[in-house]
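Residue numbers (the working numbering): 18 to 557.
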């Protein structure tokens with residue numbers, strides 16, 4: 018009997034030591050990933066848009082975009098932006114702040130998920146092997162936002178105080194926190210009714226969440242003059258291909274939802290678990306299916322569903338359910354994970370970053386379809402033609418009259434290059450908001466107005482292959498001798514249109530910058546061939 022007890026005690030101590038060792042390994046891996054991302058990665062386009070708002074808040078004391086003189090509501094991640102802006106004011110780089118907060122989010126998620134029903138290795142894999150980590154390392158608030166949502170579920174399941182205040186933070190970090198919070202509130206109220214304390218819980222809900230939330234909404238309406246954030250207006254518009262929903266959005270939801278449904282087979286109390294899933298995830302599913310999930314890097318909009326399910330399954334204390342869920346999620350999302358990782362790795366080869374930095378030596382006014390890095394790094398007065406950050410183009414599709422009144426020195430468009438030739442005719446705005454209709458207007462205008470047109474490679478002409486480039490950078494960082502790889506020639510590459518106004522006072526200097534980054538004059542047809550929508554093969 019004594020020997021048996023000692024054996025169990027020895028195994029228990031061994032398991033504890035192994036668990037603590039795995040904790041340390043997880044934290045070090047997460048920290049190393051954050052450090053490598055800061056060193057090797059240029060933040061993603063939409064992440065940099067928020068950095069632009071944070072920079073304006075830190076430097077000008079105003080929430081706005083692109084040097085605009087009035088407040089603009091395009092930074093949907095409000096509290097995220099304010100926090101990064103405050104740290105920017107103190108001298109901390111925006112990207113470094115984002116990575117630090119996401120690191121803390123990854124730590125918090127792991128702590129909440131790790132339980133007798135969710136072994137350390139499974140919980141760690143749920144963070145490290147999923148695309149949500151890599152979207153966070155690309156500058157988005159993915160892990161931070163998901164950690165707050167997971168924290169709300171943790172407080173709900175553990176019946177701890179502070180749930181409504183946590184939900185308030187969730188909603189302030191991102192406005193779609195309201196969508197995720199509805200189910201949490203519904204569950205708490207149902208539990209309170211069962212326990213005979215519904216009135217007390219409703220009072221807490223009213224004073225800790227509803228009143229502060231309405232106060233914030235009233236302030237936001239007064240400050241920005243908009244009922245909804247501009248990205249919500251833009252992403253909810255346009256033609257849907259499945260009744261009220263978007264097919265691509267529903268596919269994105271499926272990647273997160275299907276493993277959750279699979280886990281139902283392995284939990285003990287299926288009725289209770291399914292009831293929780295319906296209350297928590299039904300509203301988000303319908304909401305995101307009706308939204309165009311643009312810039313959904315690493316399927317980041319659905320991260321709360323994955324990590325929320327992780328915390329729910331940890332509470333179920335079914336190792337098999339947690340293992341099946343995480344394994345199925347990893348397998349189903351493996352292509353998204355790889356694509357997101359490669360997008361990060363290739364970001365240092367993207368031309369737009371280097372062009373934007375060079376533009377900072379000039380001053381001007383630009384209109385862009387790619388609204389992040391060009392505005393942030395150039396410090397030009399910038400307008401977003403898609404409307405995510407420019408109110409006048411959020412409510413109505415940009416038209417020729419807008420372009421004439423705008424008198425832009427530079428217009429940059431990620432468009433079908435065939436529209437440049439078709440655009441020699443007079444083009445009017447189409448009634449439906451689509452990317453092609455926007456491009457028809459832009460290309461029609463620059464093709465028939467006083468602009469010099471250039472086709473500029475999205476990836477640097479001297480850009481080196483991703484994996485070989487990473488190998489070289491790592492060796493250099495570690496002080497190991499290495500031969501720098503060279504770019505591959507003769508490849509068809511994406512090119513964007515850069516239109517330079519001939520009346521711009523620095524037109525020659527701007528054209529020289531564009532040429533220095535591989536820009537080809539559109540009129541010089543002998544130097545290139547166009548394949549597909551915007552793939553150009555330069556011939557010299």
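Cβ coordinates follow ideal geometry from the N, Cα and C atoms, glycine included.
* Hey, out of 527, 467, 454, whose CA is closest to residue 374's CA? -> 527
* Starting from residue 385, follow its DSSP beta bridges and name the residues at the other end. => 401, 429
* With 16 other CB atoms within 10 Å as the buried threshold, where does residue 444 fall? -> Its pLDDT being 49, under 50, residue 444 is placed unreliably in this model, and the coordinates cannot settle the point.
* Answer with buried or exposed for residue 261, where buried requires no fewer than 16 other C-beta atoms within 10 angstroms of its C-beta. => exposed
* Integer Cβ distance of residue 164 from residue 125, believed to fall under 8 Å -> 4 Å
* Asked: Taking the runs of the alpha helix (DSSP H) that are 4 residues or longer, which of them lie wholly in the region 62-140?
  -> 62-77, 95-106, 111-130
* What is the DSSP secondary structure of residue 188, counted as helix, strand or coil? -> helix
* Asked: Is residue 545 helix, strand or coil by DSSP?
  -> strand
* Asked: Looking at residue 418 and residue 398, is the spacing between their C-beta atoms short of 9 Å?
  -> no
* Would you identify the three-state DSSP class for residue 537, choosing helix, strand or coil? => strand
* Identified DSSP bridge partners for residue 144 -> DSSP, once it has assigned bridges, lists no residue as partnering residue 144.
* Asked: In whole angstroms, what is the alpha-carbon distance linking residue 503 and residue 39?
  -> Here the model assigns residue 503 a pLDDT of 49, short of 50, so the residue's position is not dependable, and the following value carries that caveat. About 40 Å.
* Could you tell me whether the region 425-436 touches the region 544-553, where touching means 3 or more Cβ pairs closer than 8 Å? => yes
* Kindly identify the DSSP beta-bridge partner or partners of residue 516. => 428, 470
* Asked: Which term fits residue 105, buried or exposed, when burial requires 16 or more other beta carbons within 10 angstroms of its beta carbon?
  -> buried
* Asked: In whole angstroms, what separates the C-alpha of residue 144 from that of residue 58?
  -> 19 Å
* Option in 404, 413, 372 with minimal Cα separation from residue 395 -> 372
* Please work out which residues of its chain come closer than 8 Å, Cβ to Cβ, to residue 410, disregarding the five sequence neighbours upstream and downstream, and give them in chain order. => 400, 401, 402, 403, 404, 419
* **DSSP state of residue 160 mapped onto helix, strand, coil** => helix
* From this set, 293, 313, 290, 340, which residue's C-alpha is nearest residue 356's C-alpha? -> 313
* **Run of the alpha helix (DSSP H) containing residue 202, from where it starts to where it stops** => 194-211
* Asked: Exposed or buried, residue 193, counting other C-beta atoms within 10 Å across all chains shown (16 or more means buried)?
  -> buried
* Going by beta carbon distance, what residues of the same chain come within less than 7 Å of residue 75, once the five residues before and after it are set aside? -> 102, 105, 106
* Asked: Which residues mark the beginning and the end of the alpha helix (DSSP H) in which residue 552 is found?
  -> Counting along the chain, residue 552 falls outside any alpha helix (DSSP H), though it belongs to the beta strand (DSSP E) covering 552-555.
* Asked: Is DSSP giving residue 243 helix, strand or coil here?
  -> coil
* State the DSSP-derived secondary structure class of residue 284, mapped to helix, strand or coil. => coil
* To do: From the DSSP output, read off the bridge partner residues of residue 251.
  => Paired residue(s): none; residue 251 is not in a bridge.
* To do: Using the DSSP secondary-structure output, state which residues sit across from residue 328 in a beta bridge.
  => In the DSSP output, where bridge partners are listed per residue, residue 328 has none listed.
* Asked: Beta carbon of residue 66: closer than 8 Å to some heavy atom of the ligand PLP?
  -> Absent from the structure shown: the ligand PLP. Ligands present: none.
* Asked: Counting along the chain, where does the alpha helix (DSSP H) carrying residue 353 start and finish?
  -> 351-363
* Asked: Mind checking residue 546: buried by the 16 CB within 10 Å criterion, or exposed?
  -> exposed
* Asked: Would residue 386 be called buried (16 or more neighbouring beta carbons within 10 Å of its own) or exposed?
  -> buried
* Taking all protein chains shown into account, do 16 or more other C-beta atoms lie within 10 angstroms of the C-beta of residue 239, making it buried, or fewer, making it exposed? -> exposed
* CA nearest to the CA of residue 148, picked from 427, 273, 68, 329 -> 273
* To do: Tell me whether the beta-carbon of residue 327 lies closer than 9 Å to the beta-carbon of residue 140.
  => yes
* Would you kindly work out how many angstroms separate the C-alpha atoms of residue 554 and residue 72, rounded to a whole number? => 38 Å
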